[in-house]
Amino acid sequence: MIQRLKSLFPLRPAAVLGVTAFLTPIFLGFAFFEYSQARKDALSIMEEEGAVLLDALMTSGERAILAYDRLEEAYGAGLLQAAFSIRLLDDDRILTPRILQPYLDDRRLDGISILNRKGSVQLRIGGEKRPFTPEDLDPDSLHDLLSGRKESILCKAQPSDSETASILTAAVRRIRGGVIVVQAGEEGLLALRREVGPGRLMQEIGDRRGVAYAVLQDTLGIRMASRRITEMSSIRSDPFLRRILRRKTRDSRILFHADREVLEIAGAFSAETFGPSLFRVGLELDAYRRVLRNTRWRIFLSSLALVLVGMAGISLTLAHQDIRMISDSFRREKTHTGTILQNLKDAVAATDGGGRLTVFNRAAESLFGIRQETIIGTPVDRADFPCAGALVESLRTGKPSARGREECTVRGERKVLSIRTSVVNGASGSIDAVILVATDLTQETRLADQLRRQEKIKAMGEMASGVAHEIRNPINAVGMIAQRFLKEFRPERDEAEYRALAESVVREVRRVEDIVQRFLQFARSSPPAFGPLDADRFIGETETLFKSGASARGVAFRVERADRAILRADGDQLKQVLLNILNNALDATASGGSITLSGISRPGEYRIEVSDTGSGMSEEIRNRIFDLYFTTKPNGMGMGLSIAYRIVQAHGGEIEVESEMGKGTRFCIRLPMEESA
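Under the working numbering, the first residue of the sequence shown is numbered 476, with each subsequent residue one higher.
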């Protein structure tokens, strides 16, 4: 057979050399093309992954900065509120350590100081960590307070020891002349900065395998950086960085860092507490170099095969195998940015240019209740999760979008989300990817509302206590005088009218005394007497007390009970809360409507819900219903829901309310569960 082939196709050395000389440049050109394409594809995939990481880092950093700033403002406002409360006492009586000590303990203050008209310390309590001196205040600010030009100031006093947290100082002008100074340490805020600040986020990202560094930098130098980063090229001396900052865009490059090549992705960043800055993220190129090394090795094998075999078909086959092996190897050696995205606390989703979902991290799974396996590869316009519309809009317009605070319902629960999308364009200008980052602000919003409401209720309760004490004595005197008029005096004429007027005064004095007593009861609310409470029996007892009143008003009352649960609570106080809410629901529901009381067991908590089909509330009323003295009833005191809120807070629980005009209202009481029965 071989002899026959030789006769048909004589193997001449010149022909073999000619074919080899002809095929060798072709193969070398093909090999160079494949190597360049593999390098380009590897870099493109790393740049896309880096862009997703940079966008998630910038969005998470911005939210962390805003969250800390809002909580810091609330902390300072609470300190000023405490100083104004002390000023009310100072206007009425001589301040002593015994009077001020409850403020020091209840509000967890470091110290309270009273300055006289000359700015000297007249009285000081607390301040063991760092006693207050008038030099802690700016001389101009102190003079403005003493002269009455300013009512209050809020400032920080930095101790000489740099390791010690600064002291937050609030000062208000005394009505009788002088200054009241309240101080509190910032240890709590510093711990919060370490927990939610962008510096912590950058350090966590910088510690991930595959990330060389993460840096936030402005024209003056490094603002924040991952560990072991002490020096970076300045923006002023780097044209690449200057161009990104000037155009407010992002770009990537390969450079040397710590004697190693890294892929750097840089993007412009701006927040309320930062000026124009850059985020720079460096990704290690180990996987990229491994891909190129494998590519070079396989091209060498292909060349050797061509020389030995001399067949173009084999080289083409090996080249195609190279492409497949490069792709598989790169997927296996994929940069660790994918792992970082999976572990981010913010929900991240991304689509390709065709609108199919390619990224859906664990935080998105947890937030939206959808598994990655079921949604990856799905067209985004068919995906069923609340933020999908933002991705569709950016795909359609080709522009990024940002929605600071958006309320939506996720798995039956009301959530407050911050939604931001970014568009990644290819070299031709077409859309390569759209990235969405959703931050859950529900807990942050709830904590801010609770802090504001607690401070307001506490301040108003303290004011109520002071006012009630001042009213009580003169009212009692009026009542005693009216009783003496009834018992010891008899007019010469119109005795019946005289007695009627005197009895009317006594009745009204008693009514005022009853109102004063309610104020004092609110201001001196007793702590709960905690004990085991069977939730099912508790709801049953409440049903017995309330159903007859609802039936008499023509309102249907229905009770839905969940599995048995044991709570650690004060049954009498909780019954006061629940009956107050039920009576409000009854007042808002017309005859023919319905009220539903339900108990729901959830992991770690027990929910008591009251829903009605009544008139509902506007948003303005809903935001004020827990304020002391606020009421919409003609004869209401405006204290019931404030007392209910304080009782639930003392139990470590929360009250939520949802309402819509004309459709009804739903109250939800969340209580910690001790054990399940």
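By construction, the Cβ of each residue, glycine as well, lies at the ideal position given by its N, Cα and C atoms.
Option in the options with minimal Cα separation from residue i
i        : options                                : result
Leu-730  : Arg-755, Ser-745 and Arg-722           : Arg-755
Leu-1097 : Asp-516, Ile-1070 and Ser-1134         : The residue you asked about is not Leu; residue 1097 is Arg in the sequence shown. Residue Ser-1134 is the option with its Cα nearest to Arg-1097.
Arg-683  : Gly-757, Thr-694, Thr-833 and Tyr-1120 : Gly-757
Asn-836  : Leu-819, Thr-849 and Gly-852           : Leu-819
Met-1136 : Leu-1146, Tyr-1120 and Glu-1094        : Glu-1094
Ala-659  : Ser-701, Glu-603 and Ser-709           : Glu-603
Asp-1011 : Ser-1076, Leu-1057 and Arg-711         : Ser-1076
Arg-981  : Asn-1059, Asp-969, Glu-736 and Ile-950 : It is worth fixing the name first, because residue 981 is Val in this sequence and not Arg. When only C-alpha atoms are compared, the closest one is Ile-950.
Arg-728  : Thr-571, Ala-741, Gly-829 and Asp-1102 : Ala-741
Asp-907  : Glu-509, Glu-522 and Phe-508           : Glu-522
Val-885  : Gly-873, Gln-847, Thr-849 and Ser-841  : Ser-841
Arg-605  : Pro-572, Tyr-1081, Ala-971 and Leu-643 : Leu-643
Pro-751  : Ile-697, Leu-866, Ala-733 and Arg-768  : Ile-697
Ser-899  : Leu-584, Ser-869, Cys-883 and Phe-860  : Reading the sequence as shown, one finds Val at residue 899 and not Ser. Residue Ser-869 is the option with its Cα nearest to Val-899.
Asp-827  : Gly-852, Arg-895, Ile-1100 and Val-891 : Gly-852
For residue j and residue i, the rounded distance between their alpha carbons
i        : j        : result
Arg-880  : Ser-588  : 41 Å
Gly-586  : Gly-601  : 4 Å
Val-1052 : Leu-916  : 28 Å
Tyr-973  : Glu-988  : 23 Å
Leu-691  : Tyr-578  : 42 Å
Lys-1158 : Ala-689  : Coverage of the chain is limited to positions 476 through 1152, which leaves residue 1158 absent and any answer about it impossible.
Thr-1064 : Gly-1024 : 13 Å
Gln-678  : Ala-913  : 21 Å
Met-955  : Asp-567  : 25 Å
Val-1132 : Tyr-1120 : 12 Å
Val-596  : Ile-1144 : 47 Å
Val-953  : Arg-965  : 18 Å
Ile-1014 : Ala-839  : 37 Å
Val-984  : Phe-960  : 14 Å
Gly-844  : Ala-822  : 11 Å
Arg-735  : Thr-705  : 16 Å
Gly-1074 : Cys-630  : 48 Å
Gly-864  : Phe-744  : 25 Å
Glu-808  : Trp-772  : The predicted position of Glu-808 is uncertain, since its pLDDT is 49 and thus under 50; no value can be drawn from it.
Ile-1122 : Glu-548  : 27 Å
Asn-591  : Leu-598  : 9 Å
Val-1030 : Glu-1016 : 19 Å
Ile-501  : Phe-508  : 11 Å
Arg-1039 : Ala-825  : 44 Å
Ser-637  : Ala-1125 : Confidence at Ser-637 is low in this model, with a pLDDT of 41, below 50, so its placement is unreliable and the value that follows should be read with caution. Rounded to the nearest angstrom, the two C-alpha atoms are 38 Å apart.
Ala-877  : Gln-512  : 36 Å
Arg-768  : Ile-774  : 10 Å
Residues that DSSP places opposite residue i in a beta bridge
i        : result
Ile-1144 : Ile-1083 and Ile-1130
Ile-729  : Leu-738
Leu-720  : In DSSP, Leu-720 forms no bridge with anything.
Phe-754  : Leu-691 and Gly-742
Asn-900  : Ile-906
Pro-606  : According to DSSP, Pro-606 bridges with nothing at all.
Glu-759  : Val-737
Pro-854  : Arg-831
Same chain, Cβ closer than 6 Å to residue i, neighbours up to 5 away in sequence not counted
i        : result
Lys-1138 : Gly-1091
Ala-557  : Arg-582 and Val-657
Ile-628  : Ser-616 and Ala-646
Arg-889  : none
Leu-1008 : Leu-1042, Ala-1044 and Gly-1046
Pro-609  : Gly-594
Ile-477  : Bear in mind that a pLDDT of 43 at Ile-477, under 50, signals an unreliable position, so the number given afterwards is only what the model happens to contain. Within the same chain, Ile-477 has no close Cβ partners at all.
Residue i: first and last residue of the uninterrupted alpha helix (DSSP H) it sits in
i        : result
Gly-1015 : 1010-1027
Lys-1050 : 1046-1063
Ile-1096 : 1094-1097
Asp-915  : Looking at the DSSP string, Asp-915 is not in any alpha helix (DSSP H); the run it does join, the beta strand (DSSP E), is 906-915.
Val-1030 : From DSSP, Val-1030 is part of no alpha helix (DSSP H); its letter is neither H nor E.
Glu-848  : 847-850
Ile-574  : 572-581
Thr-705  : Premise fails: Thr-705 is in no alpha helix (DSSP H) and is neither H nor E.
Ala-1004 : That residue, Ala-1004, is in no alpha helix (DSSP H); it is neither H nor E in DSSP.
Cut-off 7 Å between Cβ atoms - residues of its own chain near residue i, not counting five sequence neighbours on either side
i       : result
Gly-623 : Arg-648
Arg-562 : Val-647, Arg-649, Ile-650 and Ile-655
Lys-481 : Any reading at Lys-481 needs caution, since the residue's pLDDT is 43, under 50, leaving its predicted position unreliable; the model's value is listed next. Counting only Cβ-Cβ distances below 7 Å, and skipping sequence neighbours, we find nothing.
Endpoints, beta strand (DSSP E) assigned at residue i
i        : result
Thr-1198 : Coverage of the chain is limited to positions 476 through 1152, which leaves residue 1198 absent and any answer about it impossible.
Val-1123 : Val-1123 -> not in any beta strand (DSSP E); alpha helix (DSSP H) instead, spanning 1115-1125.
Ser-1073 : 1069-1077
Gly-586  : 586-590
Contacting residues, own chain, Cβ-Cβ under 8 Å from residue i (five flanking each side not counted)
i       : result
Ile-680 : Leu-528, Leu-532, Val-686, Ala-689, Ser-701, Val-756 and Ile-815
beta-carbon residue i near the ligand NAP non-hydrogen atom, thresh 6 Å
i        : result
Asp-1047 : The ligand NAP is not among the ligands present in this structure, which contains no ligands whatsoever.
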